Structures are given as C-alpha cells and as structure tokens.
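As structure tokens, the structure follows; a few thoughts come after it.
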Amino acid sequence: MMRLVLALFVACSLVGSPLRADPHVHGTLAPAALPGGSVYQLKLRLEPAAGPSLPLASFRGRPLVVTMFYSTCTTVCPMLALAMSRTAAALTSEERAGTSFLLVSFDAGRDTPAKLAEYQASHHLEAPTFVVAHASAGDVRALAAALGIRYRQLPDGSFSHASIITLLDRDGVPVTRTQVLAAEDEGFVASLREALKRP
Amino acid sequence: MRALLAVLLAALAALAAAAVGAERARIPEGDFTPVVAPGTNQKDVHVAAFELDRTPVTNADYLAFVRAHPEWARGVTPALLADAQYLAHWAGPTTLGRDADPEQPVTHVSWFAARAYCEAAGARLPTWYEWEYVAAADERQRDARQDPAYRERILSWYAQPSSRRLPPVGKTPPNVYGVLDLHGVIWEWVEDFGGLMISGDSRTQGDPDKLQYCGAGALSAEIRDDYPVLMRMALLSSLEAHFTTRNLGFRCARGGSQ
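Chain order of the listed sequences is A and B.
Numbering-wise (my numbering), the first sequence opens with residue 487 and increments by one.
Numbering-wise (my numbering), the second sequence opens with residue 262 and increments by one.
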C-alpha cells in the first residue's frame with residue numbers, strides 16, 4: 487500500500503510539475519489568441535441554409551464579407567444580395583475561393599433554414615462561397631450590435647434596418663464597411679484583395 | 262393529492278426564485294401609446310405581463326457576477342464586448358474601492374456585459390417598450406406622462422451635472438408597480454437600444470439616398486412634447502454596444518413576450 491502511494495506521488499510530481507511550472511508548454515499547441523476587437527469573440531451559432539449548424543468563429547482563417555438582411559424584404563435587401571454577388575464577381579476565381587460571403591437574417595421567426603435555402607437558390611448565391619444563415623433572435627441582436635447594424639422590427643413583421651456590408655480580416659477584425667449598393671465599391675474590393683494578401 | 266403536491270412544488274420554486282438576485286415587481290399586461298409610434302398606421306403597443314427588477318443592478322451584485330464569471334473581469338473582457346472604460350471606477354478587477362459603493366448602481370458597463378449578467382441570472386434585459394411602459398408611471402397613476410409635476414421632476418434631474426456622485430439604489434419613491442429609480446438615478450440599457458430612433462415607415466426602405474437607415478426619415482412622435490422620454494431615446498440610440506459611461510447601468514426582466 488505504502489509503495490503504491492509513493493509511486494502515485496512520484497508519478498504526480500513527474501507529470502504535474504513541469505506543466506504547472508511552464509504554461510507555455512500548453513500555449514504553443516493552442517491557436518494564436520483572438521484579437522480583442524474580433525467579431526469572433528461572440529460565441530454564437532449559425533444555422534446555414536445548407537449544411538449543419540456552425541459557430542460564427544468557424545469563418546476564422548479567411549476574409550469574410552458579411553451583411554444582414556431578411557428574405558421577405560422586397561426593397562433594399564435584393565440590392566444587398568446583388569451587391570454581395572457583385573463583390574464576389576469582381577474577384578478572380580482564386581481570390582473568390584479564399585473568401586467567404588455571409589448573409590444572416592434579421593428574421594429569426596420566419597427565415598427558417600429551408601426558407602433561406604430557397605432564397606439562396608433564387609438569388610444565385612452559390613455555396614460554398616456564399617453562406618445564407620439563420621440565427622436565434624438573441625444572437626441576431628448580438629451580431630447586429632457587433633457589426634453596428636441598427637434595426638427595428640415593425641408591427642407588420644417587416645424590418646427597418648441599416649444596409650451595411652462589412653469586411654472582416656482572417657481573424658474577424660472589421661477592416662472596412664460599405665453602404666454602396668447600386669454599383670461596385672472599388673475601394674471595398676481593393677481592401678478585400680489586401681486582406682487576402684495578408685497571412 | 263397530486264394537486265397538493267403541485268402547489269407545494271410551485272411554492273418551493275417561488276421561494277427558490279425569490280432568494281436570488283434583486284427583488285422583482287410583477288408588471289401587469291396593458292396597452293399604451295409610446296412616444297414614438299411603432300408603425301405608420303399604429304399608435305399603441307401591447308405589453309405582455311412580465312417581471313422587472315425593482316432597482317438597478319448594484320456594484321455589489323455585479324462584483325458577485327464578475328467573481329463567478331472571470332471572463333467579465335476588467336482587463337479580461339475583449340474590446341469587442343466592452344470599451345477601455347469598462348468598470349473603470351472600480352479600484353481593481355474584483356475590488357470596488359472608494360469610488361464604487363456596494364449599494365450604488367453599477368455603471369461603466371456595456372450592453373454586452375449587461376446582457377451577460379442578466380443571462381447568468383436566468384433573466385434578460387427589458388425591451389424599450391417594457392421600460393417606457395413602466396417608466397410612464399408615478400406613485401399614483403400608471404400613466405403620469407401628461408402630469409406637469411411628473412415631467413418637472415424628471416427634467417430637474419436632467420439639469421443636474423452628471424459628475425455628481427451616484428446615489429444608492431432604492432431611495433426614490435416606488436411607482437404604482439413598486440419599481441424604483443427609473444428616473445433620477447442613471448440611464449439604463451435595454452435589449453433593443455439600437456433600433457429606437459429608426460422610422461417606423463418601411464416604405465422609405467427603397468430610397469437609395471436613405472439606405473443608411475433604411476428609412477431614417479422624420480420620426481412620427483405621438484407625444485411630441487415628452488422631452489424626458491425623447492431625450493432618453495436619443496441618448497440610447499447614440500450608443501454602441503461596447504460603450505460604457507459613468508451614468509449608464511441596467512436592470513433585468515423576466516417573462517413577457519419580448
């Protein structure tokens with residue numbers, strides 16, 4: 487019995503102490519710390535029109551062009567979708583393959599993933615470059631707040647909302663944003679190319 | 262027997278709930294006319310019954326939260342979720358010090374932080390309509406907004422310098438619902454602070470010149486001379502979710518429809 491206790495004690499001190507003494511042993515294995523200003527600091531989940539649910543932070547590692555919309559919006563939202571497509575079309579196929587485009591619906595109640603799948607198809611937003619996603623009402627509020635997109639649901643169920651397209655770098659830090667929807671925003675596309683060049 | 266058991270269980274649950282967090286007031290459902298109309302052809306909103314903390318969250322309450330959730334300690338919370346002034350008046354990350362009395366309302370907290378606190382308490386932030394509905398009351402009436410004395414009192418608070426030391430919570434007279442400190446102490450975060458001043462007219466959404474706010478036209482204020490509420494809405498609308506200020510705190514709500 488005594489020998490067993492002693493053996494355990496030795497084993498613990500051998501295994502336990504080096505780890506405790508040098509926290510960097512762990513640090514080297516973990517991914518680099520997320521910048522404080524990264525939108526991926528939000529712990530929220532998306533339910534894409536196609537595929538399983540995923541954390542927002544799963545876009546980390548590639549530049550992300552993100553906006554918020556809702557599918558029954560007939561006025562500005564089609565222009566938002568068009569502006570996203572236009573930005574994607576301005577890239578080379580190689581650049582496009584390295585970028586993600588995300589549209590998250592304000593309408594947590596009615597824009598189910600199935601509804602969004604219809605929207606994605608009818609607006610020719612091709613997967614996997616484009617992700618059209620549902621999120622819970624609480625997560626929609628948090629994401630809109632982090633992106634500075636103000637909105638309000640009106641009594642008829644529609645939404646009054648700011649139309650803003652944001653570029654996040656590989657770590658999720660906002661780089662630039664645009665409200666130009668009617669034509670290509672060349673400055674935005676240039677910023678996206680810059681973000682693609684950076685590791 | 263089963264009914265008796267159910268009653269006992271309900272009573273136990275109520276006791277357990279009452280033991281945690283701030284005291285709450287039960288707010289009955291009702292219709293009211295908010296200062297800014299919800300939509301083009303609609304003046305009134307229906308507020309479902311809900312519960313609201315009687316007083317704002319205090320420094321002591323928030324300190325207990327930070328101890329239990331170290332990711333919300335000053336210096337640890339990322340910049341996305343709280344600016345550099347987060348809890349700046351505390352002596353240390355888990356020390357209140359001389360500039361933060363335990364019974365004062367906690368301020369220098371962001372919307373994200375306020376939300377996390379309420380969520381940890383099994384609650385949520387109130388919506389603007391819930392807040393405005395309860396704040397329309399005085400000690401005797403559910404809607405005192407047309408009463409000159411009610412307005413005078415609120416405006417006199419606005420006239421005070423914001424550099425004064427915050428009073429402890431619970432020192433103002435309770436309104437008819439038993440809720441205190443809605444006026445005269447601090448500004449309070451609400452869940453939907455970002456959308457308050459957006460026009461309710463969705464028809465303007467297609468105008469490319471107004472795309473920024475998708476209809477940031479003139480607001481159709483129903484009660485145009487209700488400056489206290491309009492001022493509060495203007496202040497909240499000017500904030501961003503990571504902002505913190507020395508006069509901005511919060512309280513939590515439960516139940517209701519959101």
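In this text, a Cβ means the ideal position worked out from N, Cα and C, and glycines have one as well.
The structure displayed is predicted, hence computed values, not measured ones.
For the beta strand (DSSP E) that contains S586/A, what are its first and last residues? S586 to S591
For P317/B and I415/B, which I take to be in contact (beta-carbon distance under 8 Å), what is that distance rounded to the nearest angstrom? About 16 Å; that fails the 8 Å criterion.
Bridge-paired residues (DSSP) for A514/B: L313/B and R385/B
Would you kindly work out how many angstroms separate the C-alpha atoms of A283/B and L530/A, rounded to a whole number? 28 Å
Please classify G643/A as buried or exposed, where buried requires at least 16 neighbouring CB atoms within 10 angstroms. exposed
Test: V525/A CB closer than 8 Å to a CB of chain B: yes
Rounded to the nearest angstrom, what separates T598/A and V626/A at their Cα positions? 13 Å
Answer yes if the segment 282–299 of chain B comes into contact with the segment 496–504 of chain B, meaning at least three C-beta pairs across the two stretches below 8 Å, and no otherwise. no
CA-to-CA distance, S557/A to S608/A, given in whole angstroms: 11 Å
Give the interface partners of W448/B over in chain A, defined as CB-CB distance under 7 Å, in chain order. Chain A residues near W448/B: none, gap ~17 Å exceeds 7 Å.
When the cut-off is 8 Å and only beta carbons count, does L520/B lie next to chain A? Residue 520/B is absent from the model: chain B starts at 262 and stops at 519.
First and last residue of the uninterrupted beta strand (DSSP E) at L653/A: I651 to L654
Status (buried if at least 16 other CB within 10 Å, exposed otherwise) for T338/B: buried
Are any of the Cβ atoms in chain B nearer than 8 Å to that of Y605/A? no
Of the listed residues L342/B, G353/B and L357/B, nearest to F373/B (C-alpha basis): L342/B
Mind checking W418/B: buried by the 16 CB within 10 Å criterion, or exposed? exposed
List the DSSP bridge partners of M554/A. V590/A
Tell me, please, whether the CB atom of E672/A is closer than 8 Å to any CB atom in chain B? no
So which residues of chain A does P339/B contact, with C-beta pairs closer than 9 Å? L520, P521, G522, G523, S524 and Q527
Which residues share a DSSP beta bridge with Y637/A? H647/A
For a contact defined as C-beta to C-beta under 7 Å, what are the partners of A374/B on chain A? Correct list: empty, because the minimum Cβ distance to chain A is about 12 Å.
So Q365/B contacts chain A; which residues on that side make the cut at Cβ distance below 9 Å? Those do not exist, as Q365/B stays about 26 Å from chain A at its closest Cβ, beyond 9 Å.
With 8 Å as the threshold, decide whether the Cβ of A502/B is near any Cβ in chain A. yes
To the nearest angstrom, how far is the alpha carbon of P534/A from that of T368/B? 37 Å
Identify each residue in the segment 627–640 of chain A for which the Cβ-Cβ distance to at least one residue of chain B is less than 9 Å, and report them in chain order. R627, A628, A630, A631, A632, G634, I635, R636, Y637, R638, Q639 and L640
Anticipated Cβ contact below 8 Å, F674/A with L653/A, distance rounded: 7 Å
Express the C-alpha separation of G291/B and D404/B in angstroms, rounding to a whole number. 11 Å
Between the alpha carbons of T530/B and V451/B, how many angstroms are there, rounded? With chain B represented from 262 up to 519, any question about residue 530/B goes unanswered, as that position is not in the structure.
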